[in-house]
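In what follows, a structure is listed as structure tokens, so that the remarks can point back to it.
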Amino acid sequence: MRRRTFLAAAGASYLGPAAAAAATWPERPVRLVTPYAPGGPLDLTARLIADKLGARFAQSFVVENKPGANGAIGVQAVISAPPDGYTLLVHGSAGTTIYQAVTRHPAFDTLRDLTPISLIVHFDLILCANPALPFKTVREFVAYARANPGKVSYGSAGVGAMNHVGAEWFKMMTGIDIVHVPYRGDAPAANDVASGTLGVAFISSNVAIPLINAGKLRALAVPSQHRIPALPDVPTMAEAGYPEFSLQPSAALFGPAHLDKAIVRRLSAAMKDILAEPELTKYFVDRGMSPAYTTPEGLADVIRKSIALWKGVAAKAKIVIE
6 MRRRTFLAAA GASYLGPAAA AAATWPERPV RLVTPYAPGG PLDLTARLIA
56 DKLGARFAQS FVVENKPGAN GAIGVQAVIS APPDGYTLLV HGSAGTTIYQ
106 AVTRHPAFDT LRDLTPISLI VHFDLILCAN PALPFKTVRE FVAYARANPG
156 KVSYGSAGVG AMNHVGAEWF KMMTGIDIVH VPYRGDAPAA NDVASGTLGV
206 AFISSNVAIP LINAGKLRAL AVPSQHRIPA LPDVPTMAEA GYPEFSLQPS
256 AALFGPAHLD KAIVRRLSAA MKDILAEPEL TKYFVDRGMS PAYTTPEGLA
306 DVIRKSIALW KGVAAKAKIV IE
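In structure tokens, the structure reads:
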């Protein structure tokens, strides 16, 4: 009995400082790592959230850009950090779900090596076509592609990018035969759709909208849950006849594995409030994004289902990154 009492007391004394540390967190600046170069939409998102969390907790949240190795360098910096809440990660869905599905030997496992906290935003894609092609709707595009197998090309931001695996999923869903042409980013693919070198592509809204407004691209549909305010006449894929097809890149907040649950709860509550702020919502919407708060459990479920989906698509389409 004395031994059990001693062990219980020892356990309480061990857990006490950890609980106290979680209650007073953050007592010093927090690193917010993003595995991308400065200037892109995920970097912008990380900086906005860093400012908001800093104001919320009266402490500095400092963004650190650690690009390289398809995001693995930045993720590794977080995985190897102590799970004390002073190193967090803002990463995109391509890196946390598709990477797991298409890479033969991924450098990390999202749900094993990271602690999900919340989704932050969804980014809108737009299915665009060259205006000279003889179709104006998604159903007309599918009919044209079926009548002309192998004659329509589509662009992507690269092998394993969301607009690559997403287009392959749409091919499987519709039975069309269109040819993949990978690029290094959305902008060159969009320009080649506009010039007629390519037929179609799922293009990020911030890249596509200026070209659509200039008449250089034709918007067929958005694979999002809702229409884009900047393009109110462009239907969703569900409205276009494909309700099962949804394709929205996202950014989310993570910590290292085994992050203290009390810190996770505090961050989750903060993210819920921050992402409900009307001015932040407007800022995101004006830039082709939409706030997307989830609970930690909800984010884990999204990741689990997404990895399963993309593994199936990658296997059927034979997409493998060594």
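According to the working numbering, the residues represented by the sequence shown are 6 to 327, in order.
Glycine residues also receive a C-beta, built at the ideal position from the N, C-alpha and C atoms.
Considering residue i, what are the terminal residues of the beta strand (DSSP E) in which it resides?
i	result
Gly79	Counting along the chain, Gly79 falls outside any beta strand (DSSP E), though it belongs to the alpha helix (DSSP H) covering 77-84.
Leu132	130-134
Pro111	That residue, Pro111, is in no beta strand (DSSP E); it is neither H nor E in DSSP.
Pro187	183-187
Can you tell me the Cα-Cα spacing of residue i and residue j, whole angstroms?
i	j	result
Ile268	Asp129	31 Å
Ala245	Ile131	13 Å
Ser295	Arg33	31 Å
Val83	Ile279	23 Å
Asn293	Pro240	In the sequence on display, residue 293 carries Gly and not Asn. Roughly 15 Å between the two C-alpha positions.
Leu58	Met167	29 Å
Pro154	His110	34 Å
Ala42	Ile217	27 Å
Ala226	Ala27	46 Å
Pro283	Cys133	30 Å
Phe289	Ile54	12 Å
Ala86	Leu236	43 Å
Thr179	Glu327	29 Å
Pro121	Arg270	11 Å
Ala195	Ala206	7 Å
Thr29	Pro301	21 Å
Leu49	Asp191	17 Å
Phe175	Ala60	42 Å
Gly97	Leu222	26 Å
Ala199	Pro248	27 Å
Thr286	Ala148	38 Å
Phe259	Arg309	15 Å
Leu94	Ala150	41 Å
Phe66	Ser311	29 Å
Output the boundary residues of the alpha helix (DSSP H) element that contains residue i.
i	result
Tyr288	283-291
His169	167-179
Phe207	Careful: Phe207 lies outside any alpha helix (DSSP H), inside the beta strand (DSSP E) at 205-209.
Ala219	Here Ala219 belongs to no alpha helix (DSSP H), and DSSP marks it neither H nor E.
Ser200	191-200
Ala152	143-152
Just verifying my parser: in three-state terms, what is the DSSP assignment at residue i?
i	result
Glu244	coil
Ile308	helix
Gln69	The residue you asked about is not Gln; residue 69 is Glu in the sequence shown. Reduced to three states, the DSSP call for Glu69 is strand.
Arg117	helix
Ala267	helix
Ala262	coil
Pro43	coil
Thr300	coil
Ile324	coil
Val212	helix
Thr92	strand
Ser158	strand
Ile233	coil
Gly97	strand
Ala17	Because the pLDDT of Ala17 is 41, which lies under 50, any placement of that residue in the model is unreliable, and the number read from its coordinates should be weighed accordingly. Helix, per DSSP.
Leu314	helix
Ala137	coil
Ala63	coil
Ala319	helix
Leu280	coil
Arg52	helix
Got a sec? Which residues, its chain only, sit under 7 Å from residue i by beta carbon, not counting five neighbours each side?
i	result
Ser158	Ile183, Val184, Val186, Leu203, Gly204
Lys156	none
Lys277	Tyr298
Ile233	Asp129, Ser210, Val227, Val239, Gly293
Met6	The pLDDT assigned to Met6 is 42, lower than 50, so where the model puts this residue is not dependable, and the model offers no usable value.
Arg52	Val68
Near residue i, what residues of its chain come up, given a Cβ to Cβ distance below 6 Å and the 5 sequence neighbours on each side ignored?
i	result
Ala77	Ala112
Pro88	Pro261, His263, Leu264
Tyr91	Val35
Val164	Pro187
Phe62	Pro31
Val307	none
Gly79	Val38, Pro40, Lys71
Phe140	Phe146, Tyr149
The ligand FMN heavy atoms versus the CB of residue i: any closer than 8 Å?
i	result
Leu37	Ligands in the displayed structure: none, and consequently the ligand FMN is not present.
Which residues in the same chain have their Cβ closer than 8 Å to the Cβ of residue i, if we skip the five residues on either side of it in sequence?
i	result
Met177	Val318, Lys321, Ala322
Val170	Ile103, Ala106, Val107, Trp315, Val318, Ala319, Ala322, Ile324
Arg117	Ala262
Could you check whether the Cβ of residue i sits closer than 9 Å to any Cβ belonging to chain D?
i	result
Asn211	Protein chain content of the structure displayed is limited to a single chain, and chain D is not contained in it.
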